[in-house]
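Undergrad: Let me begin by handing over the structure; questions about it come next.
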Amino acid sequence: MSTEQKSVPETDTVAREPDGPRPARLTAAAALCALEGCALAAGGVWMLVLGATGDSGDRQQGVTGGVTLLVLALLPLLAARGLLMRRGWSRGPAVITQIMALPVAYSLLQADSVAIPAGIVLAVVAVAALILLVNQATTRALGIKGPGRAEPK
């Protein structure tokens, strides 16, 4: 028997730590996703409280809307955590969150009320996050390769 040990080939299931420090763009994108998730969660709690106390007019609608917002808050919060941990899968949910936020921002901008500033803020955050998420440094830090750039097996 040989005293040499054979190296065990890495499989796709082994998580590899990315090299180098996390780019500031990636951290900023994660912060914006987390901000959106926290805002959704806060809105959900607010709607639940209004629905439970009966101040919203329709208790069932208030509770349903609150629970829906709380569930929707999970997507950007999980994406933010994944971005901070430099997981490649997290960019997809983060981009989807920003794309879903744009029509909401547009509808807030169409309102004749105090919702207009909220629409402006949401639009700015969504566009900024999209720019950060598709940035080449972010893509590289997450280990995402473009089409035709996969490593040969």
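Per my numbering, numbering through the sequence shown is continuous, rising by one, with the last residue being 204.
Even glycine gets a Cβ: it sits at the ideal position worked out from N, Cα and C.
In this text, all values refer to a predicted model and were calculated from it rather than measured experimentally.
Suppose only complete runs of 4+ residues qualify. What are the alpha helix (DSSP H) ranges in the region 168–198, listed by chain order?
TA: 187–192
Undergrad: Say whether the region 133–146 touches the region 189–198, bearing in mind that this needs 3 or more beta-carbon pairs closer than 8 Å, one atom from each stretch.
TA: yes
Undergrad: Can you give the Cα-Cα distance for G143 and S164, rounded to whole angstroms?
TA: Stepping through the sequence shown from its first residue, residue 143 is reached at position 92. Stepping through the sequence shown from its first residue, residue 164 is reached at position 113. Taking the straight line from one Cα to the other gives about 33 Å.
Undergrad: Is it buried or exposed for L91, if we count other Cβ within 10 angstroms and need 16 for buried?
TA: Taking the sequence shown and counting its residues from 1, the one referred to as residue 91 is at position 40. The residue is buried, with at least 16 neighbouring Cβ atoms inside 10 Å.
Undergrad: By the three-class DSSP mapping on this structure, what secondary structure does V114 have?
TA: What you label residue 114 is simply residue 63 of the sequence shown in a count that begins at 1. Here V114 sits in helix by DSSP.
Undergrad: Should Q149 go down as buried or exposed, given a rule of 16 or more other Cβ atoms within 10 Å for buried?
TA: Indexing the sequence shown from 1 puts residue 149 at position 98. It is buried - the Cβ of Q149 has at least 16 other Cβ atoms within 10 Å.
Undergrad: Distance check for A80 and A174, CA to CA, integer angstroms please.
TA: Stepping through the sequence shown from its first residue, residue 174 is reached at position 123. Stepping through the sequence shown from its first residue, residue 80 is reached at position 29. If I take the Cα positions, the gap works out to 14 Å.
Undergrad: Just checking, does the region 97–117 make contact with the region 125–134 on the three C-beta pairs under 8 Å criterion?
TA: Too few Cβ pairs lie closer than 8 Å, so no.
Undergrad: Where does G71 sit, in a helix, a strand or coil, going by DSSP?
TA: Translated into the one-based positions of the sequence shown, residue 71 becomes position 20. DSSP places G71 in coil when its eight states are reduced to three.
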